[in-house]
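Undergrad: Position one of the sequence shown corresponds to residue 45 (our numbering), numbered consecutively onward.
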Amino acid sequence: MTGPLILAIDEGTTNAKAIAVDGEGRVVARSSQPLALHHPQPGLAEQDPLAIWQAVKQAIGTCLAQCHGATVAAVAISNQRESVLIWQRRDGTPVTPLVSWQDRRSESLCRDLWLAGKAPRITGLTGLAVDPMFPAAKLTGMLAMLPDGLARAQAGELCIGTVDCWLSWQLSAGESFVTDHANAARTQLYNLHRGDWDDELLALFHIPRAALPEIVPSASAQGGVAVNDIPGLLPGTPVLARIGDSHAALQAQRSGSEEVVKATYGTGSSLMMSMATPLLTENGLSTTVAWHDGALRFAFEGNITHTGSGAAWLGRMLGIDDPRVLTAMAQRSAHNQGIYFVPALSGLGAPWWDLKARGMVCGLTDAATPDVLARVALESIVFQIADVFFAMQQASGVTLPALCVDGSATQNPWLMQLQADVLQRPLHRAPTAEVSALGAA
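Shown next as structure tokens:
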């Protein structure tokens, strides 16, 4: 293996992956390292940013060791979105954990914004519902908890960044402080119509512009590798792409069509559909930046908070930790007996955006069995995906012909058949599990 390769980093919530892609777009090597997600209190979800960086380095080293001396021509980054941290500019030391997109610590502030009538204005500027998923409200509290946090941020002593920004900083040994338009658009501090940080939003959430990164195109040469402790990755290698994981998956699946809707099945789920102009809707969808590759592209998106995690939670209540066992149980039940599971374990995301919703299993009778409840757990994934799919069809005014799917759950044929039956549409499964990394590459 001697030809130049692209190294694609895919940093997710539960794993840090690295893949090597050759000039024909083929994956020639891969590696993955697990990541821990901590819940120090109910409603909080955090990760260790230094542990993430170490896992990324280890994944890169293991991946490139399989490439037998081939050179890396460029690096591309795909990352979990909406997760955010703060670090010291002078030495790169984190002063907060990475606060996950799953974290709900800003619920009270989001509720106050709704009650004060400010939510419609925020959504109009950003395309995003006011919800704890998005970082802006969390950053207000994170800065307030730091000694002299606001003053230090105003002085440029602190850096605020999403995961792509953190990894770019680390790869460049602190020389690159950038994020792309797609990741910036998920912070709720970005003006969707102007393509930049918005001063009105920065003032509302008390976030100094001096602490925020420069926004650059998703596909652009911005910074390069400066560290020399990753075997196989040479200093001077350019970083040519950075993009959120769902956006990268859409890029990999769309094949030039504007009517492609992709669904990523993971802890939560994201459905996305690209469009040329930012259309705002009132049916529970976000409007966001898809990517910037010379021009801004936009997308409808529906973010579902608990799909895989919801089914896993109900499985654990049944004493089942293995999703294969849960599926085998579900297959033994021909119907759900009118029982439904609403996995609002931390509110509901798209298309409902209900902060106060709580999970429930309804319709229980004394005829219910563990097999039926296993079916109900998996059906909750399918029904939530369908809710967003049909909301997207209504918003776009186009009959959507199919659904492109990716993520680990797509390897479950029973679940995918159930999804196709509910949608009455064919599903097109991604040919590789590394679809987000390939989209970035």
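We put the CB at the ideal spot given by N, CA and C, even for glycine.
Which class does ILE166 belong to by DSSP, given the choice of helix, strand or coil?
TA: Residue state, collapsed to three classes: helix.
Undergrad: If you follow the alpha helix (DSSP H) that ASN123 is part of, which residue opens it and which one closes it?
TA: ASN123 -> not in any alpha helix (DSSP H); beta strand (DSSP E) instead, spanning 116 to 123.
Undergrad: Based on the DSSP secondary-structure assignment, which residues constitute the bridge partners of MET404?
TA: Bridge partners of MET404: VAL386.
Undergrad: Answer yes if the region 189 to 197 comes into contact with the region 160 to 179, meaning at least three C-beta pairs across the two stretches below 8 Å, and no otherwise.
TA: The region 160 to 179, when compared against the region 189 to 197, does not touch it at the 8 Å Cβ threshold.
Undergrad: Would you identify the three-state DSSP class for PHE178, choosing helix, strand or coil?
TA: Three-state DSSP puts PHE178 in coil, outside helix and strand.
Undergrad: Give the DSSP-derived three-state secondary structure of ARG196 in the structure shown.
TA: Of the three classes helix, strand and coil, the one that applies to ARG196 here is helix, per DSSP.
Undergrad: Going straight from the alpha carbon of ILE204 to that of VAL128, what length do you get?
TA: Each residue's Cα considered, the two are about 7 Å apart.
Undergrad: Buried or exposed for MET361, going by 16 or more other Cβ atoms inside 10 Å?
TA: With fewer than 16 Cβ atoms within 10 Å of its Cβ, MET361 is classed as exposed.
Undergrad: Using only CA atoms, which one of ILE251, GLY267, MET316 lies nearest to CYS209?
TA: When each option's Cα is compared against that of CYS209, the closest is GLY267.
Undergrad: In its own chain, which residues sit with a C-beta less than 6 Å from the C-beta of GLN437, not counting the 5 before and 5 after it?
TA: LEU444, listed in sequence order.
Undergrad: How many whole angstroms separate the CB atoms of THR137 and ILE130, which I take to be in contact at a CB cut-off of 8 Å?
TA: In fact, because the Cβ distance is near 10 Å, the residues do not count as touching under 8 Å.
Undergrad: Does the pairing of the region 260 to 274 with the region 211 to 219 give three or more beta-carbon distances under 8 Å?
TA: Short answer: they touch.
Undergrad: Between the C-alpha atoms of ASP450 and TRP97, what's the straight-line distance to the nearest angstrom?
TA: Taking the straight line joining both Cα atoms gives about 25 Å.
Undergrad: Let's test the definition: count the other Cβ atoms within 10 Å of the Cβ of ALA228 and tell me whether it reaches 16, buried, or not, exposed.
TA: That one is buried.
Undergrad: Is the distance from the Cβ of LEU211 to the Cβ of ASN123 below 8 Å?
TA: Their beta carbons are under 8 Å apart, which means LEU211 touches ASN123 by this criterion.
Undergrad: Going by beta carbon distance, what residues of the same chain come within less than 7 Å of TRP397, once the five residues before and after it are set aside?
TA: Same-chain partners within the cutoff: ALA173, ASP175, GLY328.
Undergrad: Tell me which residues share the same chain as ALA435 and place their Cβ nearer than 7 Å to its Cβ, disregarding the 5 neighbours each side in the sequence.
TA: Same-chain partners within the cutoff: ASN327, GLY328, LEU329, GLY346, PRO395.
Undergrad: Just checking, does the region 403 to 415 make contact with the region 377 to 385 on the three C-beta pairs under 8 Å criterion?
TA: Yes, the region 403 to 415 is in contact with the region 377 to 385.
Undergrad: With distances taken from CA atoms, which of LEU79, SER75, ILE50 is nearest GLY69?
TA: Nearest option by C-alpha distance: ILE50.
Undergrad: Would you kindly check if the distance between the Cβ of GLU219 and the Cβ of MET177 is under 8 Å?
TA: In this structure, GLU219 does not lie closer than 8 Å to MET177 by Cβ.
Undergrad: Ends of the beta strand (DSSP E) at GLY205?
TA: 202 to 206 is the span of the beta strand (DSSP E), which, as asked, contains GLY205.
Undergrad: Tell me which same chain residues have a C-beta within less than 7 Å of the C-beta of GLY47, skipping the five on either side of it?
TA: If we look at GLY47 and ignore the five residues flanking it on each side, its Cβ neighbours are ASP66, GLY67, ALA114.
Undergrad: Enumerate, from N- to C-terminal direction, the unbroken alpha helix (DSSP H) stretches of 4 or more residues contained entirely within the region 410 to 458.
TA: List check, alpha helix (DSSP H) in window: 414 to 440.
Undergrad: Of the residues SER440, VAL432, SER390, VAL426, which one's Cα is nearest the Cα of PRO86?
TA: The candidate whose alpha carbon is nearest that of PRO86 is SER390.
Undergrad: Going along the chain, which residues of its own chain have a beta-carbon closer than 8 Å to the beta-carbon of PRO414, five neighbours each way excluded?
TA: Counting only Cβ-Cβ distances below 8 Å, and skipping sequence neighbours, we find LEU362, MET373.
Undergrad: At 4 residues or longer, what runs of the alpha helix (DSSP H) sit wholly inside the region 210 to 262?
TA: DSSP runs (the alpha helix (DSSP H)) wholly in the region 210 to 262: 225 to 228, 243 to 249.
Undergrad: Looking at the structure shown, is GLN110 part of a helix, part of a strand, or coil, going by DSSP?
TA: GLN110: coil per DSSP, three-state reduction.
Undergrad: Answer yes if the region 287 to 295 comes into contact with the region 332 to 340, meaning at least three C-beta pairs across the two stretches below 8 Å, and no otherwise.
TA: Enough Cβ pairs lie closer than 8 Å, so yes.
Undergrad: CA-CA distance, GLY171 and ARG155?
TA: The alpha-carbon atoms of GLY171 and ARG155 are separated by roughly 18 Å.
Undergrad: By Cβ distance below 8 Å, which residues in the same chain neighbour ASP240 in space, the five residues on each side in sequence not counted?
TA: Cβ within range, chain order: TYR234, ILE259.
Undergrad: Please specify which runs of the beta strand (DSSP E), each continuous and at least 3 residues long, are wholly inside the region 308 to 368, giving them in chain order.
TA: Segments of the beta strand (DSSP E) lying fully in the region 308 to 368: 313 to 319, 330 to 336, 340 to 348.
Undergrad: Quick one: any contact between the region 243 to 259 and the region 308 to 319, if contact means 3 or more CB pairs under 8 Å?
TA: The answer is no - the region 308 to 319 does not touch the region 243 to 259, with fewer than three Cβ pairs under 8 Å.
Undergrad: For VAL139, does the three-state DSSP call read helix, strand or coil?
TA: Of the three classes helix, strand and coil, the one that applies to VAL139 here is coil, per DSSP.
Undergrad: Please name the residue or residues paired with TRP145 in a DSSP beta bridge.
TA: Answer by DSSP bridge pairing: none, since TRP145 is not bridged.
Undergrad: Quick one: using the 10 Å Cβ neighbour count with 16 as the cut-off for buried, is ALA265 buried or exposed?
TA: Exposed, because fewer than 16 other Cβ atoms sit within 10 Å of the Cβ of ALA265.
Undergrad: Following the continuous alpha helix (DSSP H) through LEU157, name the residue where it begins and the one where it ends.
TA: It spans 151 to 159 - the alpha helix (DSSP H) in which LEU157 sits, taken as one unbroken run.
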